[in-house]
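Report on the structure given below.
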Amino acid sequence: MTTTNLDFQNQILQGIPLELPSKKQYPSKSNRAPKRKDILSVEEKKLAIRNALRYFPMEWHTTLVPEFIQELNDFGRIYMYRFQPEYKMYARHLNEYPAQSQQAASIMLMIQNNLDPNVAQHPNELITYGGNGAVFQNWAQYILTMKYLATMTNEQTLHMYSGHPMGLFPSSDDAPRVVVTNGMMIPNYSKPDDWEKYNALGVTQYGQMTAGSYMYIGPQGIVHGTAITVMNGFRKKLKEGETTKGKIFLTAGLGGMSGAQPKAGNIAECITVCAEVNKKAASKRHQQGWVDVLIYDIDELVEQVREAQKAEQVISFAYVGNVVEVWEKFYEEDIFVHLGSDQTSLHNPWSGGYYPVGLGYEESNNLLRNNPEEFKMKVQESLKRHADAVNKHTEKGTYFFDYGNAFLLESSRAGADVMSENGIDFKYPSYVQDILGPMCFDYGFGPFRWVCTSGDPVDLDKSDKIAEQVMIEIKATAPEEIQQQMQDNIKWIQDAKANRLVVGSQARILYTDAEGRIKIATAFNNAIANGEISAPIVLGRDHHDVSGTDSPYRETSNIYDGSKFTADMAIHNVIGDSFRGATWVSIHNGGGVGWGEVMNGGFGLLLDGTTVAEQRLKKMLFFDVNNGIARRSWARNKEAIFAAKREMERTPDLEITLPNMVDDNLLEDLK
Ligand SMILES: NC(=O)c1ccc[n+]([C@@H]2O[C@H](COP(=O)([O-])OP(=O)(O)OC[C@H]3O[C@@H](n4cnc5c(N)ncnc54)[C@H](O)[C@@H]3O)[C@@H](O)[C@H]2O)c1
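With our numbering as the guide, the letters of the sequence shown map in order to residues 530 to 1200.
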């Protein structure tokens, strides 16, 4: 029987097919991953081919060698398109997976969700999001991994080396079923070009935050984080009793992550003005319902914004044009902007991440191709103008923050006026320094998430209700310090269904602290045990969290004791979770901000309604959050010290080393 005649379960169980599958057409250009750098020497290309052929019997090698060379030359990588399965890729009901271990089956479900064409950015190249966030390097790795997962027992652990399944090793029922590492490099070999080279050789991969840990659930994670940021940004500015109604949030970018801004603005109930130079990106977000109105003319924008202000409308406008024009025009027109930010892709300033003012979109792209040096100059001039316009607004009282996109960094490099008086810090804070760090992460609030393995929206509804109830109960006796966070998250979960954010599996994200995560998970486990929820639930979180990620310019940018360039917390997180009950753990290099810039770890945990699952969730979730609180409190963050003390009061076994404070006057005369 040929592979395609086998049913889904038998194809999985077969692993690498017995017969060589026929060659496939290359997937259509529209959703294919960009061609990667041609970085290997001829000898290295031979090594890459030799590496790829390791997965297949020798009698196929003569056929595969020319094909793999062509893939390497055409795409810069060997994806092994020929071996891409014919069956539909999506998260099935947990029971549809062939498995000896239900835990392993849940990992298969999550892998398929991360490769679902409705969820993944470049599904044929096994890339889930962010352009290069890979689940596997090639299709052979996928096929082998699924077979291992289908055949393994609860007495074994599968070890994944950057997408490659190294094998099944005897372990125990209490051990994780899978241990994932992505992009672990010897530190001196962790530059972006090292990724290009070693990924092309087929020996490492970039797992982003949640792609390579099978925990991506579509864009709702970004919407929730952005909504919290926008709401709290406003609170920095609003006077007692004022609401966001009729107030303006001005920003830029309607791309991958930035596209969440107008939706988040609507959730925060303000007027959002989001500039986007690329007409296609703007129309796409408009069609998807992520932004309400498209406007091409700046005078019309002014008129419509004024009307919306008068009517205190909750509405989002996409201005199809350059954001600098909007900042300048609103100043001229004396339109007060309460909240300002920017999500152009300034982490990538010279290759089209930021479009300079004064040039049209196509004009910019032509200049970029034909005269990259002049393009760079234009970007820098534009950044100076951009920062000048922002400064004029902030002098009038606008609250501006950097959205982790390197806006301030690149503006400073361009010579713009963005440095504070001490010449070291920027004039404006980043979203983590001012908002997510002190208001969420330091108290333990982070992007907890769950996936209903039945795939049934009814189960998701029930889980939403359970989570809401638990949050309301916790809020009733929660201290003043976290009342606002509790309230925001109760509102989020109440509105979650109406906001229609599910893409792929039936999943939900909810920012909550250790107590909330543990109580919600326990309530889910009980609901699974008594049949109220029809099938197990997978728990997880984004790596952009309290303790998963050491990232000096993002998640740990509000650590001021000098330790933000260390990565001990992320490593402890993963090791600690692994022996406290995680079903799988993962540690990555580079998630979110780039290879070499960050270490981030995460977990998955299957709730199957058993008492063992209850013990596991309690131990593991407790450590998963409090590890980060301990580190943040040691760094003298006052909110984290509060959270650490509070947790110790109710958990006698917990002893966190607390810092002694220093009187800075003692140090003043130090030369
Ligand atoms: N959303 C988050 O939670 C978050 C967190 C951290 C960092 N970021 C950063 O935000 C940035 C954006 O991410 P993305 O995935 O949306 O990138 P993206 O490249 O998909 O989108 C950016 C958009 O900005 C537009 N743009 C560029 N210059 C412009 C200009 N001058 N005026 C108007 N529009 C312009 C581009 O056309 C593009 O569509 C990245 O640097 C990312 O690292 C976002």
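Where is the CB? At the ideal position from N, CA and C, for every residue including glycine. Since the model is a prediction, treat every value here as computed from it, not as a measurement.
In the structure shown, the three-state DSSP call for S845 is strand. DSSP places T801 inside the beta strand (DSSP E), whose first and last residues are 800-805. In its chain, beyond the 5 residues on either side, T772, T773, K774, V843 have a beta carbon closer than 8 angstroms to the beta carbon of E798.
F665 sits in coil when the DSSP states are folded into three classes, being neither helix nor strand.
Residue E625 holds the alpha-carbon nearest to the alpha-carbon of S983 among E625, L767, P550. Apart from the 5 residues on each side of it in sequence, H693 sits with its Cβ closer than 6 angstroms to the Cβ of Q670 in its chain, given in chain order.
Across the structure, P748 and L1030 are spaced so that their CA atoms are roughly 7 angstroms apart. If you check the CB distance, C981 and Q1035 come in under 8 angstroms. As the crow flies, the alpha-carbon of D946 is around 16 angstroms from that of S870. For Q749, the enclosing alpha helix (DSSP H) stretches over residues 749-764. If one requires a minimum length of 4 residues, the alpha helix (DSSP H) runs lying completely within the stretch 692-752 are 721-729, in chain order. For ligand 1, a non-hydrogen atom lies closer than 7 angstroms to the CB of Q872. Taking 8 angstroms as the cut-off, the Cβ atoms of L655 and V664 count as close. The continuous alpha helix (DSSP H) containing G1045 extends over residues 1043-1058. Taking all protein chains in view, the Cβ of A1005 is surrounded by fewer than 16 other Cβ atoms within 10 Å, so the residue is classified as exposed. Taking C-alpha positions only, H867 is separated from F778 by approximately 6 angstroms. In terms of Cα proximity to G1120, the closest of T1112, A1111, W1113, G1130 is G1130.
Within 7 angstroms of the C-beta of H876 there is at least one heavy atom belonging to ligand 1.
In this structure, K921 lies away from Y848, with their beta-carbon atoms at least 8 angstroms apart. Going by DSSP, F778 is part of the beta strand (DSSP E) stretching over 777-781.
Residue pairing of W1113 in beta bridges, as defined by DSSP: V707, G1133.
With respect to the C-alpha of G782, the residue from Q540, K766, G770, V802 having the closest C-alpha is V802.
Within the model, the alpha-carbon separation for L542 versus Q650 is close to 27 angstroms. At a Cβ-Cβ threshold of 8 angstroms, V708 and M738 do not count as neighbours. DSSP links F955 through a beta bridge to M948. Straight through space, the alpha carbons of E588 and L1068 are spaced by roughly 43 angstroms. At a cut-off of 7 angstroms, the beta-carbon of T755 counts as near ligand 1: some heavy atom of the ligand is closer than that. For W1163, the uninterrupted alpha helix (DSSP H) segment begins and ends at 1140-1163.
Nearest to S941 by alpha-carbon distance, out of Q1016, A620, V908, D1074, is V908. Close CB contacts of L888 within its chain, under the 8 angstroms cut and outside five residues either way in sequence, are with L896, K907 (chain order).
With a cut-off of 7 angstroms, the C-beta of E805 is classified as near ligand 1, since at least one heavy atom of the ligand falls inside that distance. Rounded to whole angstroms, the gap between the alpha carbons of R706 and M695 is 13 angstroms.
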